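Residue numbers (the working numbering): 2 to 477. For glycine and all other residues, C-beta sits at the position ideal for the given N, C-alpha and C. Computed from a prediction, not measured in an experiment: that's the story for all the values here. One structure below.
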């Protein structure tokens with residue numbers, strides 16, 4: 002929709018000595034919208050210190066300036082979902098009645114996931130043209146046409162008439178995907194990639210420091226990279242599979258050839274054959290095999306020394322929708338262990354390995370990929386040792402990893418995250434399911450999937466579907 006101005010009236014524009022500081026704004030509704038000079042118009046709840054911009058429901062709202070988020074309303078107040086942004090000169094911009102409906106409805110049940118864009122969190126930076134949410138009719142606008150109630154305040158908290166600023170603004174038709182890296186965040190595939198990221202951690206070069214490994218999510222080429230804990234990296238990385246494979250790459254690390262340093266293990270994501278490959282840090286392939294027969298799709302991978310010979314085995318779990326068949330392999334695909342973690346269920350399983358009970362030998366730890374978050378700890382033979390639920394009442398499955406995150410004991414911890422459609426509640430447990438700590442990353446209201454990695458002294462978290470590929474520190 003092109004930008005229209007309708008119903009012009011002879012209302013004076015409230016000026017300010019520094020008004021020129023915000024004259025060069027981006028029009029806050031993508032593609033434009035219709036509006037009139039309705040500043041100070043009478044409303045049932047008082048004076049209207051805003052301009053209403055009318056546009057179809059779900060039209061993206063973008064930030065008109067570079068700035069910092071200073072409030073995000075959740076739960077929804079009486080006036081509807083709303084965000085506030087402050088620029089470097091102290092001017093404030095408020096966006097009210099943001100969408101609360103699911104697509105194709107007026108149900109008011111969309112929640113903050115339908116109101117706001119990712120990374121809408123107090124203190125986060127935004128840039129001009131970045132999507133911040135969607136046009137709607139939330140709160141006391143439920144009986145009106147969808148619109149954005151747009152307010153501007155000067156540094157003295159005096160309301161300014163947005164009308165003239167909107168007339169002088171420039172309209173964009175595409176929101177920027179290049180927005181600021183947030184505190185503690187790494188973007189392993191750049192600011193514009195939003196396919197999600199799979200992660201693992203270990204020591205890949207025999208120095209004293211840990212590294213972490215990333216694999217792309219579905220929709221991107223199968224790019225694997227290695228990073229230091231400070232998010233620095235040595236090189237471009239490598240492709241684990243053919244460059245025309247866009248299914249996503251699960252990753253793990255472990256010393257599977259007994260040379261004293263960890264190798265990188267990869268597995269294909271759902272929709273593909275269960276191809277496991279093993280690489281040196283530099284991308285040289287040293288092994289590979291198919292973990293399951295043809296009717297399985299996707300394979301989760303981990304590594305651990307489950308037979309006590311000093312060399313890690315490759316541990317595999319099945320993708321969502323498959324039986325929960327857990328296997329342990331040698332480097333060349335020879336099976337050393339095989340059992341079903343959740344008999345009779347076709348939910349798939351994530352898998353990890355580590356010495357969670359302190360007996361000097363690694364256990365195999367599993368979680369369903371869907372349906373529940375029932376964590377199980379097994380001896381390598383498949384004998385159940387312990388089990389617990391990571392998230393009561395949540396049915397989106399769980400990702401997990403095992404590592405000696407808290408190095409004050411020999412026992413390794415279990416770190417979990419929602420597999421899909423869950424909040425950013427990253428938790429750390431002992432072997433019996435005792436909660437050690439939890440950490441809320443990203444926005445508390447964001448419902449998505451995450452991946453976790455644990456190693457000596459640290460853990461990290463990667464984003465899943467529907468937001469840019471991001472890695473941030475996990476619980477310690």
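Between residue 349 and residue 323, the C-beta gap is smaller than 7 angstroms, which places the two residues in contact. Residue 52 and residue 167 do touch by the CB rule: their CB atoms are close to 6 angstroms apart, below 8 angstroms. Here residue 445 is exposed, its C-beta having fewer than 16 other C-beta atoms within 10 Å. Note on geometry: alpha-carbon atoms of residue 48 and residue 426 lie some 41 angstroms from one another. Collapsing the DSSP output to three states places residue 293 in coil. By the beta-carbon neighbour count (other beta carbons within 10 angstroms, threshold 16), residue 171 is exposed. Your pair residue 163 and residue 96 does not check out as a contact, with CB atoms roughly 11 angstroms apart and the cut at 8 angstroms. For residue 451, the uninterrupted beta strand (DSSP E) segment begins and ends at 451-456.
For residue 401, the enclosing beta strand (DSSP E) covers residues 399-404. If you look at residue 243, you'll find it isn't in any alpha helix (DSSP H); DSSP assigns it neither H nor E. Every unbroken stretch of the beta strand (DSSP E) spanning 3 or more residues and falling wholly within the stretch 85-116 is given here in chain order: 93-99. For the pair residue 93 and residue 85, the Cα-to-Cα distance works out to about 7 angstroms. Note that the C-beta distance between residue 343 and residue 325 is below 7 angstroms.
If you look at residue 390, you'll find it in the beta strand (DSSP E) that goes 385-390. Shortest Cα-Cα distance from residue 206 to any of 227, 376, 196 and 107 involves 227. Our two residues, residue 463 and residue 452, have alpha carbons roughly 5 angstroms apart in a direct line. Residue 200 is not a Cβ neighbour of residue 192, given a cutoff of 7 angstroms.
Distance from the CA atom of residue 56 to the CA atom of residue 394, rounded to whole angstroms, is 38 angstroms. Below 8 angstroms, enough C-beta pairs join the stretch 334-341 and the stretch 302-317 to call them touching: three or more.
With the rule of 3 Cβ pairs closer than 8 angstroms, the stretch 123-131 counts as touching the stretch 173-188. The Cβ atoms of residue 269 and residue 278 do not sit closer than 7 angstroms to each other. Note that the stretch 352-361 touches the stretch 387-403; at least 3 beta-carbon pairs, one per stretch, sit closer than 8 angstroms. When C-alpha distances from residue 329 are compared across 347, 308 and 472, the shortest belongs to 308. Here DSSP, grouped into helix, strand and coil, assigns residue 169 to helix. Between the alpha carbons of residue 301 and residue 319 lies a gap of roughly 6 angstroms. Close CB contacts of residue 429 within its chain, under the 6 angstroms cut and outside five residues either way in sequence, are with 414, 416, 437, 438 and 476 (chain order).
Ranked by Cα distance from residue 471, the first of 459, 310 and 194 is 194. The C-alpha of residue 458 lies about 6 angstroms from the C-alpha of residue 407. A direct Cα-Cα distance of roughly 6 angstroms separates residue 397 from residue 420. Taking C-beta separations shorter than 8 angstroms and ignoring five residues to either side along the sequence, the partners of residue 79 in its chain run 140 and 141, following chain order. Sequence-distant Cβ neighbours of residue 423 in its own chain, meaning closer than 8 angstroms and more than five residues away, are 392, 395, 397, 448, 449, 450 and 451.
Within a 10 Å sphere around the beta-carbon of residue 255 sit 16 or more other beta-carbons, which makes this residue buried.
Annotation for residue 366: the continuous beta strand (DSSP E) segment containing it runs 364-369. Within the DSSP bridge table, the entry for residue 130 names no partner. Each of 442, 63, 83 and 280 was checked against the Cα of residue 71, and the nearest Cα belongs to 83. The C-alpha of residue 379 is placed about 23 angstroms away from the C-alpha of residue 263.
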